[in-house]
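One structure is given below, encoded as structure tokens.
2 protein chains.
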Amino acid sequence: MARIVQKFGGTSVADLDRIRNVAARVKAEVDAGNEVAVVVSAMAGTTNQLVDWATNVGSIHDAREYDAIVATGEQVTVGLLAIALQNLGVDARSWLGWQVPVHTDDVHGAARIERIDADAISARLAAGQVAVIAGFQGIGPDGRITTLGRGGSDTSAVAMAAALKADRCDIYTDVDGVYTTDPRIAPKAQKLSQITFEEMLEMASSGAKVLQTRSVAMAMRHNVNLQVLSSFTHAEGTFVVSEDSVVEQETISGIAYSPDEAKLTIVGLADKPGVAAIVFGALANHHVNVDMIVQSASTKTKKTDISFSVGRADMDKAVKIINEIKDQLAFDVVDAAPNVAKISVVGTAMRTQPGVAKTMFETLAAKGVNLHVISTSEIKISVLIDAEYTELAVRSLHTAFGLDSDQ
Amino acid sequence: MARIVQKFGGTSVADLDRIRNVAARVKAEVDAGNEVAVVVSAMAGTTNQLVDWATNVGSIHDAREYDAIVATGEQVTVGLLAIALQNLGVDARSWLGWQVPVHTDDVHGAARIERIDADAISARLAAGQVAVIAGFQGIGPDGRITTLGRGGSDTSAVAMAAALKADRCDIYTDVDGVYTTDPRIAPKAQKLSQITFEEMLEMASSGAKVLQTRSVAMAMRHNVNLQVLSSFTHAEGTFVVSEDSVVEQETISGIAYSPDEAKLTIVGLADKPGVAAIVFGALANHHVNVDMIVQSASTKTKKTDISFSVGRADMDKAVKIINEIKDQLAFDVVDAAPNVAKISVVGTAMRTQPGVAKTMFETLAAKGVNLHVISTSEIKISVLIDAEYTELAVRSLHTAFGLDSDQ
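From first to last, the protein sequence lines are chains A and B.
With my numbering applied, the first sequence covers 49 to 455.
With my numbering applied, the second sequence covers 49 to 455.
And the structure:
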């Protein structure tokens, strides 16, 4: 017997038929003798309608009211799934964020889970009842409904698994696992049977959308065994596990890419201490996330160039912010390149196996791909390239690192 | 300065434009220096969609899950209205049933309000904030969401007015008040400027749909000053008040009718003590509401007939129930007449003014209308007639009692 948290996203509960399908999935775990808590999202499309209403009823935005409105999406799904389970003879009840309760901070619309009092649910699980829990929502310190922001239901599921000391947290989605890269770009991509938390974290933050970065980080922190699998097939998924439970490791686990990047270059910046702090401080104050940064060698004129990448949606805003502090900085001009992509090779084993960077750069050079910015971590190398080379670069690297399914 | 509870039904908040219109109505009361609590229903159509989902996801019905699902309708409206008010510069926040809290019993789907802790809202009102309260919902003794059943939002508003010791409770709807009878049948019907609780109660239970019986009974019990008015015009509505605040009183306040009645007659029933108890006990056990009852004089054969009316939707069920207890009762046959209507004349003053029954019966006789069953209360006389005479009877009585607008 195991204690399992299952999480089903919006496409898995998009209509009554799919909700009944989810109920059958839950029942299978119950029939196998397991204790089951299920975390669900809103029916696909519902949240968009609610957000649309909340943002169009007036121009003033009250995040507390926004949360009360959008949280109804998950409230409907938990009720429907509980009924569907009862129809299969499974004892089940719904739990809203405030009923669990899932305590969060007061940052409405993007709240962080602070504490889950899982005792009540734990007791029900032990008594054989399935808990159907609304994802994405909690209760703030003032007793009002909060929501966790985008991808919040994954985070809810992982947090619940940690609080319930679950043996496993199964994230059901519309793909059947984590792949070595995006199969739409590289048909020879292979499903990974397992991946470490650190690798998954790098993959997620480098564009692989199968799991939210935030939920992976939480799983790593609490050592929650994650599985990513499909709600539409019965194939085994990908296990996301801690590094020490991985017996044998490939050099590279996967190639991730993020096509929606932009590169900014501040040209002719006075090369004196503190300028970087001014630039990135100003961007951070305006909530612009900066990813890769490179500073060119100073010239004899005591001037330097700083290049960095931001999400493309933030590009114009970033240019404006930099120009607003031109007086403080003294520079010539800000160049903005909207069409760049980030390509990353990810693998825990690169720590101990040199030559990954060499293989990566040689492979890209052989295809004539120019590298704008390079950044590395212990288990990842990322490069910024012209976006038009994205597919070519991903496929070439996938082959070069021996990840193709026929290799 | 007064403390006012306003209630807006589903058609008044059917879309974002109407919600903004409601916000303007609320602002007008705030600008007049009043403290305002607003109770709202779900957007028209929303509840039907939610009920549809909850009843079609499976055949098993869990009223607790049903309540969690359908309560989301009001949750969306309160959030949207709070935002709309803020956009007009009015300080406002939403309150869900469990946040107020509105304590109910545990009869999910048809819960009764047991107690409202209005202190938190009262304090906010005193501080100048508008409270936007979800109607129709509360929290049960087990901490789960309850709903009050059909027309529950009127009841929520009246209960809230009582708890807040409000000076007035304004029920906004799609008609502009209570009429002497249905203007669709009798074009000469007049809007009443006031009506007593008792009369309103009889009107409501006799088919006038403007207010739910249950909310009127509660208003009477707590002496809440009710006003019924339109959210689409600025005409003054009808005040529902206690009898002692009415200075001068017409004999008859109105003519109500209920077209969806059925008459059952148990023919040749053994005339011995206890048979009525058996008949109506069996019907009550199966939740069939019986309205008017008449028993014919016993014949020499020691047999009698009992006639009574039920809602037409319950007719077949009632026949079946009676036939199932035939052995206990001993009777010849149950006759069912599906096409009958109840016509009622209502007026507090009939207590002291004799001749109302005479006028009623003579008026109907002159038109050739046959009376099947007659029942009377202190302030009401009801008759059961063939349904095809409904409009004729209503118009004739309206004229006979001097209610026509040109009289």
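From the three backbone atoms N, C-alpha and C, an ideal C-beta is built for every residue, glycine too.
Treat the numbers as computed from the prediction; the structure is a model and nothing was measured.
Inter-residue CB distance, residue i and residue j (contact presumed, cutoff 8 Å)
| i | j | result |
| --- | --- | --- |
| B:V264 | B:V276 | 10 Å between Cβ atoms; not a contact. |
| B:L312 | B:A378 | Going by Cβ atoms, the distance from B:L312 to B:A378 rounds to 17 Å, so no, they are not a contact pair. |
| A:V382 | A:A310 | Actually they are not in contact, since the Cβ atoms of A:V382 and A:A310 sit about 12 Å apart, beyond 8 Å. |
| A:A174 | A:V272 | About 19 Å separates the two Cβ atoms, so there is no contact after all. |
Residue i versus residue j - alpha carbon distance
| i | j | result |
| --- | --- | --- |
| B:S241 | B:T286 | 5 Å |
| B:E284 | B:A205 | 19 Å |
| B:V223 | B:I391 | 21 Å |
| B:S301 | B:M408 | 14 Å |
| B:D452 | B:L249 | 22 Å |
| B:L196 | B:A159 | 5 Å |
| A:T36 | B:V53 | For chain A, the structure presents residues 49 to 455; residue 36 of chain A sits outside this window and is missing. |
| B:L440 | B:G416 | 10 Å |
| B:T352 | B:K374 | 15 Å |
| A:V360 | A:N418 | Note on residue identity: the sequence assigns Arg, not Val, to residue 360 of chain A. A:R360 and A:N418: Cα-Cα distance of roughly 20 Å. |
| A:A237 | B:V99 | 45 Å |
| A:M266 | A:A90 | 22 Å |
| B:I429 | B:V289 | 21 Å |
| B:G225 | B:K239 | 6 Å |
| A:I369 | A:F356 | 14 Å |
| B:T447 | B:V178 | 45 Å |
| A:R198 | A:T59 | 15 Å |
| B:S423 | B:L212 | 38 Å |
| A:A435 | A:C217 | 36 Å |
| B:H282 | B:A76 | 12 Å |
| B:A50 | B:V84 | 9 Å |
| A:V342 | A:D202 | 33 Å |
| B:N104 | A:A325 | 59 Å |
| A:M398 | A:E291 | 13 Å |
| B:L133 | B:Q401 | 50 Å |
| A:K350 | A:A385 | 25 Å |
DSSP state of residue i mapped onto helix, strand, coil
| i | result |
| --- | --- |
| A:R160 | coil |
| A:V382 | strand |
| B:R269 | helix |
| A:A448 | helix |
| A:V10 | Outside the displayed span of chain A (49 to 455) sits residue 10 of chain A, for which this structure offers no information. |
| A:F245 | helix |
| A:W101 | helix |
| A:N96 | helix |
| A:Q260 | coil |
| A:L133 | helix |
| A:I373 | coil |
| A:V148 | coil |
| B:V276 | strand |
| B:K390 | strand |
| B:F184 | coil |
| B:R51 | strand |
| B:L173 | helix |
| B:G316 | strand |
| B:A90 | coil |
| B:A85 | strand |
| B:I422 | strand |
is_contact[residue i, chain E] using C-beta, thresh 9 Å
| i | result |
| --- | --- |
| B:H446 | Looking at the structure shown, chain E is missing, and the protein chains on hand are A and B. |
Any non-hydrogen atom of the ligand SAH within 8 Å of residue i CB
| i | result |
| --- | --- |
| A:D63 | In the structure shown, the ligand SAH is absent, as is every other ligand, since no ligand is present at all. |
Is there contact between the region 260-274 of chain A and the region 226-235 of chain A, where contact requires at least three CB pairs shorter than 8 Å? no
Relative to chain B, which residues along the region 59-75 of chain A have a C-beta separation below 9 Å, given in chain order? L64, I67, R68, A71
The region 135-145 of chain B contacting the region 106-115 of chain A, beta-carbon criterion three pairs below 8 Å: yes
If the cut-off is 8 Å on Cβ atoms, which residues from the region 140-153 of chain A count as contacting chain B, listed in chain order? R141, S142, L144, W146, Q147
Would you call the region 145-158 of chain B and the region 178-190 of chain B in contact, with 3 or more CB pairs under 8 Å? yes
Pair every Cβ in the region 59-79 of chain B with every Cβ in the region 159-172 of chain B, then say whether three or more of these pairs are closer than 8 Å. no
Within 7 Å of chain B by C-beta, residues of the region 167-182 of chain A in sequence order: none
Can you list, in chain order, the residues of the region 181-198 of chain A whose Cβ is nearer than 7 Å to any Cβ on chain B? G191
Scan the region 99-114 of chain A for residues whose Cβ lies nearer than 8 Å to a Cβ of chain B and list them as they occur along the chain. W101, A102, N104, V105, G106, S107, I108, H109, D110, R112, E113, Y114
Which of the residues in the region 327-361 of chain B, read from start to end, lie with their CB under 7 Å from any CB of chain A? none
Check each residue of the region 127-139 of chain A: if its Cβ is closer than 7 Å to any Cβ of chain B, include it; give the result in chain order. G127, L128, A130, I131, A132, Q134, N135
When the Cβ atoms of the region 119-135 of chain A are set against those of the region 79-94 of chain A, are three or more pairs found closer than 8 Å? yes
Chain-ordered residues of the region 78-99 of chain A with a beta carbon less than 8 Å from chain B: L98
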